[in-house]
Every structure is written in C-alpha cells, then in structure tokens.
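Note that our numbering has the sequence shown beginning at 103, numbered continuously upward. Built from N, CA and C at the ideal position, the CB exists for glycine as well. Encoded as structure tokens, the structure appears first; notes follow it.
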Amino acid sequence: DSRLDMTRVGVMGRSYGGDMTLTLLGRHPDLWSAGADLFGPYSLFTFIERMPETWKTYFHQVLGHPERDSAFLQERSPSTYLGDLACPLLVMQGANDPRVVERESHDVVETLQAQGKQVEYEVYADEGHDFIKYANKVHAYNRIVAFFAEYLHP
103 DSRLDMTRVG VMGRSYGGDM TLTLLGRHPD LWSAGADLFG PYSLFTFIER
153 MPETWKTYFH QVLGHPERDS AFLQERSPST YLGDLACPLL VMQGANDPRV
203 VERESHDVVE TLQAQGKQVE YEVYADEGHD FIKYANKVHA YNRIVAFFAE
253 YLHP
C-alpha cells in the first residue's frame, strides 16, 4: 500500500542538486513526471573546461581530470543519459554565473529541444550562481511552483 502517487513525482535541484536532477531524469526516466534544474552542470567535461582557471586544480582533485579520468567523468555526466528524458524539464540559470556558466544550461536546453524534448528555459540577466535579488527570487520560485502545478496536477 503506497502513500505516494507515483504518476505525479517531480525532482528539482540547484547547482550540484541540479546535476543530480539531470542525472536522475536521464538514468531513471520512468520515475518522473516533471523536473526542474537550477544551474546544474550538464557535462562534467565542459563544466571543468569552462570554469575559471584558478579553480581547475581543485576540481581535478575532487571531481576528476578530463584526460586521466575520462571514463569516470563520462559515466557521471548527465549528458550521457539525458537522451532518455521522458518528462517536461524546466531549466533556470543566472547569466553571470561564474561556477556553472550559462552555456552549460544553454547546452542542455538546445540539445534536448533538438531531440524533441519538452524543455523550458529561464535566464536571469542580472544573477550569478543563485537567485539573490528579491524580485528574481519571487519570480523564479513562482515559476517553479507553476511549472510543477501544470505537470504534477496537485
């Protein structure tokens, strides 16, 4: 006897949680009815390549080196699995994000839309690696609630 309606389950995460959201949507597409990724890395290769040069040594140690750990990074990249996405996806991003640059989110949206997937994209021109400005927070979280309400039918 399940207390959950498994036909109305969504997943959402920001930053590393966005990476996990994209991974879950691709690796377990049958579980989700909607997903929201807030500035999560799409490909660990491009994520590392696009980060500031001064951060790379640290990330090579904790995440992996693109040449030395290629197989590991490929296995752990959401881009490897997202072709199996089976639900609507909302992607949100700050245009000035120095950690997960806007191009990461742009790539996921462009790739999935080219595959005929249902993806909505929201970019905040005056934000970085989070939504800090009050008006943007209000807009972003209202947008997320509306997105999940549309697809999860509460």
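Residue span of the alpha helix (DSSP H) that contains residue i, given as start and end
i, result
"L133", "No alpha helix (DSSP H) holds L133; DSSP gives it neither H nor E."
"E204", "204-216"
"Y243", "236-254"
Cβ separation of residue i and residue j, assumed to be a contact under 8 Å, to the nearest whole Å
i, j, result
"I246", "M114", "7 Å"
"L146", "G137", "Not quite, the Cβ-Cβ distance comes to about 19 Å (not below 8 Å), so this is no contact."
"W134", "V164", "Not confirmed; about 28 Å, so no contact."
Cβ-Cβ distance between residue i and residue j below 8 Å
i, j, result
"F141", "R105", "no"
"E206", "F149", "yes"
"D186", "P143", "no"
"Q220", "P256", "no"
"V225", "R152", "no"
"L192", "F249", "yes"
"P180", "T125", "yes"
"G120", "D139", "yes"
Unbroken beta strand (DSSP E) run spanning residue i, endpoints
i, result
"R257", "No answer is possible for residue 257: the residues shown for the chain start at 103 and end at 256."
"E224", "221-226"
Could you check whether the segment 192-208 touches the segment 224-232, counting it as contact only if at least three pairs of C-beta atoms, one from each stretch, sit closer than 8 Å?
Output reads yes: the segment 224-232 touches the segment 192-208.
Are at least three pairs of beta-carbons, each pair with one atom in the segment 212-232 and one in the segment 159-177, less than 8 Å apart?
The segment 159-177 and the segment 212-232 do not touch, with fewer than three beta-carbon pairs separated by less than 8 Å.
Contiguous beta strand (DSSP E) assignments of at least 3 residues, all confined to the segment 125-203
You should have 136-140, 191-196.
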